[in-house]
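Student:
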Amino acid sequence: MRRVANLLRELRDDNRGLAFIEFAFAGPIFVLLVIGGLEIANLAMAHLRVSQIAMTVADNAGRVTSGIDEANVREVFAGADLIGEPLDFAANGRIVLSSLEENGKNGNRRGQVIGWQRCFGDLAVDPAYGEQGDGENDNSLRAGMGKDGNRITAGSNTALMFVEVTYVYQPLIATGFFDPPTIRYESAFNVRGRQNNAISNTQNLTVAACD
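Residue numbers for the sequence shown follow our numbering, so the first one is 4 and each next one is one higher.
1. Just how far apart, CA to CA, sit residue 167 and residue 35?
2. Roughly how many angstroms lie between the CA atoms of residue 156 and residue 140, to the nearest whole one?
3. What residue range does the alpha helix (DSSP H) around residue 80 cover?
4. Quick check: the Cα distance between residue 64 and residue 212, rounded to an integer number of angstroms?
5. Am I right that residue 96 and residue 199 are in contact with their C-beta atoms under 8 Å? What's the rounded C-beta distance?
6. Along the chain, where does the beta strand (DSSP E) containing residue 193 start, and where does it finish?
7. Classify residue 164 as buried or exposed, calling it buried when 16 or more other Cβ atoms lie within 10 Å of its own Cβ.
8. Is it the case that the Cβ atoms of residue 125 and residue 94 are separated by a distance below 7 Å?
9. What does DSSP give as the partner residue(s) for residue 97 in the beta ladder?
10. State the Cα-Cα distance for the pair residue 42 and residue 175, rounded to the nearest angstrom.
11. Between the Cα of residue 187 and the Cα atoms of 31, 53, 109, 75, which residue gives the shortest distance?
12. Rounded C-beta distance between residue 190 and residue 57? I'm assuming under 8 Å.
13. What are the complete beta strand (DSSP E) segments, minimum 3 residues, inside the region 30-73?
14. If you reduce the DSSP assignment to three classes, tell me which class residue 123 lands in.
15. Would you say residue 110 and residue 142 are within 7 Å of each other, going by their C-beta atoms?
16. Under 7 Å, Cβ to Cβ, is there at least one residue of chain D near residue 138?
17. Closest to residue 98 by C-alpha separation, out of 104, 60, 210, would be which residue?
18. Per the DSSP calculation, residue 212 is bridged to which residue(s)?
19. Pop quiz: residue 105 and residue 117 are said to be a contact at Cβ under 8 Å. What is the actual Cβ separation, rounded to whole angstroms?
20. How would you label residue 37, buried or exposed, when you count the other beta carbons within 10 angstroms and need 16 or more for buried?
21. So who's on the other strand from residue 176, going by DSSP bridges?
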């Protein structure tokens, strides 16, 4: 009995390996906190880059003054691809670039028209506010493009570059428990001093259509 009592006393007083036991309990929680922090930071960076893509595409497309060509659109999309490269945006995102203009009609057919529309990215997302040619002969786009309460229209004798950017977030660690969120941003810039808003294709390039 005395040996058993001594053994139990030694076990009670023995604190060797206590730190390992504590770490075994606290370690997984700490790892989850670290991973969660990294995931939140990565998601915030994805939002920032998608927002930058929307603003950059609309701004750069509006800066082409002499007349816009398919080659200009390619250059604009190449810049967006560079911004989105860390996100693998080309495979998981979609850019819709629309040229919104007045349709030149009178009376109850007066409104706005999507003069041309181009897309970039492999994500299958349809334009949210209309396709190329919509509004040409009617007032279906009289209120312009954008969400309800925040629509925008093009002014007279000019055009508006309206951009929709959609991206399916790629998490650092795929858990399988949650679907990755979809990030979406929109941006619009007026064309600056462009004399001809129709798009040309002087080099016979493949059109970045939204089909």
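For each residue, glycine too, the CB sits at the ideal point set by N, CA and C. On a predicted model such as this, the values are computed, not experimentally measured, just so you know.
Tutor: So, to answer that:
1. Put simply, the backbone Cα of residue 167 is about 35 Å away from that of residue 35.
2. Rounded to whole angstroms, residue 156 and residue 140 show a C-alpha spacing of 16 Å.
3. Counting along the chain, residue 80 sits inside the alpha helix (DSSP H) bounded by residues 73-87.
4. Taking the straight line from one Cα to the other gives about 16 Å.
5. At roughly 30 Å, the Cβ-Cβ gap does not stay under 8 Å, so residue 96 and residue 199 are not in contact.
6. Looking at the DSSP string, the run of the beta strand (DSSP E) that includes residue 193 is 185-193.
7. Burial call: buried.
8. Yes, the Cβ-Cβ distance between residue 125 and residue 94 is below 7 Å.
9. According to DSSP, residue 97 bridges with 169.
10. Distance between residue 42 and residue 175, taken at the CA atoms: about 6 Å.
11. Out of 31, 53, 109, 75, 53 has the C-alpha closest to the C-alpha of residue 187.
12. Right, the Cβ-Cβ distance comes to about 4 Å (below 8 Å), so this counts as a contact.
13. For the region 30-73, there is no continuous beta strand (DSSP E) assignment of 3+ residues that stays within its boundaries.
14. Correct three-state label for residue 123: strand.
15. Their beta carbons are not under 7 Å apart, which means residue 110 does not touch residue 142 by this criterion.
16. The displayed structure is made up of one protein chain only, and chain D is not part of it.
17. Between residue 98 and the set 104, 60, 210, the nearest pair of CA atoms involves 60.
18. Listed as beta-bridge partners of residue 212 by DSSP are no residues whatsoever.
19. The beta-carbon separation of residue 105 and residue 117, rounded to 12 Å, does not stay under the 8 Å limit for a contact.
20. Around the Cβ of residue 37, a 10 Å sphere holds fewer than 16 other Cβ atoms; the residue is exposed.
21. In DSSP, residue 176 forms no bridge with anything.
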